[in-house]
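*Asks:*
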Amino acid sequence: MPRLLIVDDDRGLLALLEDWLTSEKHEVTAVHNGTAAWNQLETQEYDLIVMDWDLPDVPGIDIVTRFRAAGGITPVIMLTGHTSVADKEAGLDAGANDYLTKPFHAKELSARIRAVLRTQSARPPAPKALGEGNEEVLRAANLVGTALAARYEILDVIGSGSTAMVLKARHPALDRLVAVKLFFPGLFARDRLERFKWEVRTMSEVHHDNIATVYDCGVTEREQPYLVMDYVRGEALRERMAREKQLQLSTAITILIQVCWGVQQAHDKGIVHGDLRPENILLQEGGERADWVKVVDFGVAWLVTPSSLRLKRADTSIRTAEYRAPERDDGAIAVIGWDIYALGVMLYEMLTGRLPFEAAADVFVIISAMLENIEPPSSHRQDIAPGSTIDQLVLKATEKSPELRYQTAAELRVDLEKALSELMQRQ
């Protein structure tokens, strides 16, 4: 007997639908507000949800969006008096499977319910996951019964942030460890989802010592975009900076030289990172080799829509506004100047242990970056001479006008190598 959750604030209609659907051999739970609906979804499993859009406390469309973002896969039929195409599109984009405009006859809803349930029952059996004893990890990642879990042996959850979780996995064909970045549902608009696939596939063709290799990408059956890349044993640059505060001059410059090598390689392929910050720079164990710095997440994070990002604010420690170029327009395609500015800010932070602009709210950081001048690193560190090559290159990389910045990562790398050479000669 199919289990249905019916949500509508019209109690007369709700009672009618409950009686009708119960007579058709459905097990029906009927609630009349969004809070009660969410409580049901958190504690019970259903075969189908019938959700009213205009609820008095929490809009039904917000509940569906939140449900999908949390990994919910139960099919949803939206009920609403909204008739415009834009409203229908919004409901379907939020995660609804079907849409029924009020007023309607209970027979029509019943027919739509049968059609959706037939679609669900016609699905092929879920593929068997690789590995044994990893059921808890698969449940945590919402990967039970997915093709992704059948292709990669999912071993552990490495971490989870505001937009995605990262999993440790084994690539059976290559017999090597990989990292699977699994984005939460609803973060990409449809046009940006296609861009995501294009960016990741292009990055899979980019091979460089300082870029984490991308092996695979796609979207799970639960509408979660994912990418599979190198598993790097080590730590993020953010962790090292938190531990050491100010990095040694030679170490900071060497790290950024390697980042520039990787970034330039991607730029040459038409890929802009768009979210360069210490969390996306990984430092491998084993130290000072030519490939010990790896850049991850090229061309991905900037595609996340601002509206969907508001659904996930669990990890508020991750800072992004501080690395944002003053001219940046998040509605536009990412450009090289964004990455150059972020490279300059990262070097500033590695050298000084602080950011050029800091404030309690992102909007004030952005305004400061647009209006105020950045102090040279020598203002905060005695072993950097005022007006030195280091000062000059940091200030040039973080110029407010993109035309005055370095035009390529390679140009910045050349000046970094010059600064490193001068530093070595003084020692």
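My numbering numbers the first residue of the sequence shown as 16 and each following residue consecutively. Yeah, the Cβ is synthetic: ideal placement off N, Cα and C, and Gly gets one too. Everything numeric in this text was worked out from a predicted model, so none of it was measured.
Output needed for L19: all residues of its chain with C-beta closer than 8 Å, excluding positions within five of it in sequence on either side, in chain order.
*Replies:* Stepping through the sequence shown from its first residue, residue 19 is reached at position 4. Hits under 8 Å: L36, H41, E42, V43, T44, Y61, D62, L63, I64, V65 and I128.
*Asks:* Among residues of its own chain, excluding the 5 on either side of T404, which ones have a beta-carbon nearer than 8 Å to its beta-carbon?
*Replies:* Taking the first residue of the sequence shown as 1, we reach residue 404 at position 389. If we look at T404 and ignore the five residues flanking it on each side, its Cβ neighbours are D430, K433, A434 and E437.
*Asks:* Nearest to D23 by CA position, among E414, G49, A257 and M244, is which residue?
*Replies:* Position 8 of the sequence shown, counted from the first residue, corresponds to residue 23. Cα-wise, what sits closest to D23 is G49.
*Asks:* Could you say which of V278, W213 and R207 lies nearest to A227 if we only look at CA atoms?
*Replies:* The sequence position of residue 227 within the sequence shown is 212, counting from 1. Selected option, being the one with the closest Cα: V278.
*Asks:* Count the other C-beta atoms from every protein chain shown that fall within 10 angstroms of the C-beta of F198, then say buried if there are 16 or more, exposed otherwise.
*Replies:* Walking along the sequence shown from the start, residue 198 turns up at place 183. Buried, by the Cβ-count rule.
*Asks:* Return the CA-CA distance between E418 and V79, expressed in angstroms with no decimal places.
*Replies:* Numbered from its first residue, the sequence shown carries residue 418 at position 403. Numbered from its first residue, the sequence shown carries residue 79 at position 64. Spanning the two alpha carbons is a distance of roughly 44 Å.
*Asks:* Roughly how many angstroms lie between the CA atoms of A126 and D113, to the nearest whole one?
*Replies:* As a position in the sequence shown, residue 126 is number 111, starting the count at 1. As a position in the sequence shown, residue 113 is number 98, starting the count at 1. If you take the alpha carbons of A126 and D113, they lie about 12 Å apart.
*Asks:* Figure out for me which residue from D190, S99 and E300 has the closest Cα to the Cα of V247.
*Replies:* As a working mapping, residue 247 is identified with position 232 in the sequence shown. Ranking D190, S99 and E300 by Cα distance to V247 puts E300 first.
*Asks:* Per DSSP, which residues does M2 bridge with? Please list them.
*Replies:* For residue 2 there is no data in the structure shown, the boundaries of the chain being 16 and 442.
*Asks:* Following the continuous beta strand (DSSP E) through S175, name the residue where it begins and the one where it ends.
*Replies:* Translated into positions along the sequence shown, residue 175 becomes position 160. Taken as a continuous stretch (DSSP letters only), the beta strand (DSSP E) holding S175 covers E168 to S175.
*Asks:* How many angstroms separate the CA atom of R255 from the CA atom of S99?
*Replies:* The sequence position of residue 255 within the sequence shown is 240, counting from 1. The sequence position of residue 99 within the sequence shown is 84, counting from 1. R255 and S99: Cα-Cα distance of roughly 52 Å.
*Asks:* Rounded to the nearest angstrom, what separates D398 and T178 at their Cα positions?
*Replies:* Counting from 1 along the sequence shown, the entry for residue 398 is found at position 383. Counting from 1 along the sequence shown, the entry for residue 178 is found at position 163. When rounded, the distance between both Cα atoms is 39 Å.
*Asks:* Please state whether the Cβ-Cβ distance between P392 and T413 is less than 8 Å.
*Replies:* The sequence position of residue 392 within the sequence shown is 377, counting from 1. The sequence position of residue 413 within the sequence shown is 398, counting from 1. No, they are not a contact pair.
*Asks:* Measure from the alpha carbon of Y230 to the alpha carbon of each residue in R185, W68 and H395, then state which is nearest.
*Replies:* For this step, residue 230 is matched to residue 215 along the sequence shown. Of R185, W68 and H395, the residue nearest in Cα terms is R185.
*Asks:* Determine the contact status of L145 and E168, defining contact as a CB-CB distance below 8 Å.
*Replies:* To locate residue 145, count along the sequence shown from 1; it is residue 130. To locate residue 168, count along the sequence shown from 1; it is residue 153. Yes.
*Asks:* Bridge partners of Y241, per DSSP?
*Replies:* The count along the sequence shown starts at 1 and reaches residue 241 at position 226. Bridge partners of Y241: L197 and G233.
*Asks:* Do A165 and K143 have their CB atoms nearer than 8 Å?
*Replies:* Locating residue 165 in the sequence shown gives position 150, where the first residue counts as 1. Locating residue 143 in the sequence shown gives position 128, where the first residue counts as 1. Going by C-beta atoms, A165 is nearer than 8 Å to K143.
*Asks:* In chain order, what residues of the same chain lie with their CB nearer than 6 Å to the CB of L31, ignoring the 5 residues before and after it?
*Replies:* Here residue 31 refers to the residue found at position 16 of the sequence shown. No residues qualify anywhere along the chain.
*Asks:* Give the DSSP-derived three-state secondary structure of K40 in the structure shown.
*Replies:* Your numbering for residue 40 matches position 25 in the sequence shown. Residue state, collapsed to three classes: coil.
*Asks:* Sort out for me which residues DSSP pairs V46 with in a bridge.
*Replies:* Along the sequence shown, one-based indexing puts residue 46 at 31. Partner(s): V22.
*Asks:* Is the CB-CB distance between E214 and I296 below 8 Å?
*Replies:* Start at 1 with the first residue of the sequence shown, and residue 214 comes out as number 199. Start at 1 with the first residue of the sequence shown, and residue 296 comes out as number 281. For E214 and I296, no; Cβs fall outside 8 Å.
*Asks:* Should M439 go down as buried or exposed, given a rule of 16 or more other Cβ atoms within 10 Å for buried?
*Replies:* The sequence position of residue 439 within the sequence shown is 424, counting from 1. M439 comes out exposed.
*Asks:* Tell me the residue span of the alpha helix (DSSP H) that contains D406.
*Replies:* Stepping through the sequence shown from its first residue, residue 406 is reached at position 391. Counting along the chain, the alpha helix (DSSP H) containing D406 begins and ends at T404 to A412.
*Asks:* One question on the structure: do E387 and F372 come within less than 8 Å of each other, judged by their Cβ atoms?
*Replies:* On the sequence shown, residue 387 is found 372 positions in, with the first residue counted as 1. On the sequence shown, residue 372 is found 357 positions in, with the first residue counted as 1. For E387 and F372, yes; Cβs fall inside 8 Å.
*Asks:* For E236, I'd like the list of residues in its chain whose CB is within less than 8 Å of its CB, leaving aside the five on either flank, ordered along the chain.
*Replies:* Mapped onto the sequence shown, residue 236 falls at position 221. Excluding sequence neighbours, E236 sits near I88, G160, T161 and A162.
*Asks:* Within the same chain, show all residues whose beta-carbon is closer than 6 Å to that of I173, passing over the 5 residues directly before and after it, in chain order.
*Replies:* Your numbering for residue 173 matches position 158 in the sequence shown. The residues are V181 and K183.
*Asks:* Which residues mark the beginning and the end of the beta strand (DSSP E) in which Q299 is found?
*Replies:* One-based indexing of the sequence shown puts residue 299 at position 284. Q299 -> beta strand (DSSP E) spans I296 to Q299.
*Asks:* Mapping the DSSP letters down to three states, classify M180 as helix, strand or coil.
*Replies:* Taking the first residue of the sequence shown as 1, we reach residue 180 at position 165. Of the three classes helix, strand and coil, the one that applies to M180 here is strand, per DSSP.
*Asks:* The alpha helix (DSSP H) spanning V308 covers which residue range?
*Replies:* By one-based count along the sequence shown, residue 308 stands at place 293. That residue, V308, is in no alpha helix (DSSP H); its beta strand (DSSP E) goes V308 to V310.
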